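For the sequence shown, the residue numbers in mature numbering (1 follows the signal peptide of the UniProt record, and there is no 0) are -21 to -1, 1 to 328. Beta carbons are placed, not taken as given, at the ideal position from N, Cα and C, and that holds for glycine. The structure displayed is predicted, hence computed values, not measured ones. All remarks here apply to the structure that follows.
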Amino acid sequence: MGRACLRLVGMVMACLTLSLAGCSDSPGRLDRALWDDYARRFISADGRVTDADSGPPGITHTEAQGYGLLLAEAAGDRQTFDRIWQWTQKTLRRPDGLFSWKFGPCGQPAGCVLDANNASDGDILIAWALLRAGRAWDRPDYVDAARAISMAVAEHQTVQAGALTLLLPGRDGFVSGQAVVVNPSYWLFPAFRDFAMAFGHPAWDALSRSALTLLRQGRFGVWGLPPDWMQVENGAVALAPDQPPQYGFNAVRVPLNLVWGGQTDPALLAPFRAFWRAPRSGPVPAWVDLRSGETAPYGWQTGMAAVAALTDGQADLPRPGGGDGYYAWSLALLARVAQADLRGAGPGR
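Structure representation (structure tokens):
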């Protein structure tokens, strides 16, 4: 055996024996320094992504686990991806294949599930990240897990309302008679597209068509924006009762999901652009009341600005920094991953 072959064998053996932090990582589409900063701030050693923006310290939601998985794959960080996934399936997985949406401090040292209901955006994000990682890293087990989760969502989280196929935000608590409450920011068009192509279930194309119909119908307030929460009843859409009538921290993700999923009809994006570009003396407000027109007394986050820049096709996206929290960082990095995907750098389909 020649020296070149011996060197090659040595390199292969090193990759098999060294820790995952070395040879297992692969070049990613997300700036590694940004990702490492995100991971230091928000991901614990056991693989839990903590969200201090929406509650006391130590709270974890399935949305955050899904974002962590998506970003880890985009950064080429296999070790952190696996850590997040192992904690998620071990701690949050339910018998129906979905995930309990909220975990945090409870008087026990390790914490516990605080709400066993699921959140369909978290379930979809987790499945989508697994599908992307399975393709990028040749991991059939990840693809199989993605298939199982996506099928559980299609089976348990979709309902028919006339001609519309609706995504329930959670398995419990969102249907009352003929009225169904939905969350437009949960309509993850790029994930729906990828699931339809990979697994062939008809629910995903039906969900996309219905979601686009509702976004065209469900326009409220001066700018015609979608609300964080919408009620659908007998084909009519309204602001959801018992929820703040806002375009706010949920619905700011709608344009990200549209653009990432290739839904760039100018008529769909026009309300967001009108709101962002409206003459005002200060920054774009973080939310607007769709009944009264009242706006937040504070400006939007870096992540929201990054979504707007992506939607407008800008090459340079705002960069998160030390003053930004989990949600701002997450949106800002997701906008970068979406931008890379749209430029053709995403995992193969």
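Checklist entry - Would you report the Cα separation of M283 and H180, rounded to the nearest angstrom? => result 32 Å
Item to check | Helix, strand or coil at Y46 according to DSSP, with G and I counted as helix | outcome: helix
Checklist entry - Cβ atoms of T281 and G300: under 9 Å apart, would you say? => result yes
Item to check | DSSP state of V233 mapped onto helix, strand, coil | outcome: helix
Item to check | Close Cβ partners of A98 (< 6 Å) along its chain, the five nearest in sequence each way excluded | outcome: T41, W80, G149
Checklist entry - Given that a residue counts as buried once 16 or more other Cβ atoms are within 10 Å of its Cβ, and exposed if not, what is T243? => result exposed
Checklist entry - Can you list the alpha helix (DSSP H) stretches of 4 or more residues lying completely in the region 224 to 273, in chain order? => result 233 to 239, 245 to 256
Checklist entry - How about the region 213 to 227 and the region 260 to 278: do they share at least three Cβ pairs that are nearer than 8 Å? => result yes
Checklist entry - At which residues does the beta strand (DSSP E) containing L313 begin and terminate? => result Where L313 is concerned, there is no enclosing beta strand (DSSP E), although the alpha helix (DSSP H) it sits in stretches over 305 to 321.
Item to check | Best match in A95, Y305, D151 for proximity to A43 [C-alpha to C-alpha] | outcome: Y305
Next on the checklist: Considering just the uninterrupted stretch of the alpha helix (DSSP H) at A158, what are its terminal residues?
Outcome noted: It is not in any alpha helix (DSSP H) - A158 instead sits in the beta strand (DSSP E) that spans 158 to 161.
Item to check | Cross-strand partners of V92 (DSSP beta bridge) | outcome: F82
Item to check | C-alpha distance - P205 paired with A124, whole-angstrom precision | outcome: 32 Å
Checklist entry - Can you give the beta carbon distance from V316 to R114, rounded, assuming they're within the 8 Å contact cut? => result Actually they are not in contact, since the Cβ atoms of V316 and R114 sit about 15 Å apart, beyond 8 Å.
Checklist entry - T144 bridges to which residues according to DSSP? => result Q139
Next on the checklist: Taking the straight line between their C-alpha atoms, what separation do you get for G141 and A158?
Outcome noted: 12 Å
Item to check | Proximity below 9 Å, CB of V154 to CB of L147 | outcome: yes
Item to check | Rounded straight-line distance, which links the Cα of L167 to that of residue 349 | outcome: As shown, the chain starts at -21 and ends at 328. That puts residue 349 outside it, with no answer to give.
Next on the checklist: What residue range does the beta strand (DSSP E) around L218 cover?
Outcome noted: 215 to 218
Checklist entry - Which first and last residues belong to the beta strand (DSSP E) in which Q58 is found? => result Note, Q58: premise wrong, no beta strand (DSSP E); alpha helix (DSSP H) at 57 to 71.
Item to check | R298 vs L13 beta-carbon contact at 9 Å | outcome: yes
Item to check | Three-state secondary structure (DSSP) of S155 | outcome: strand
Next on the checklist: So, for P264: in the same chain, excluding its five sequence neighbours on each side, which residues have a beta-carbon less than 6 Å away from its beta-carbon?
Outcome noted: T274, A275
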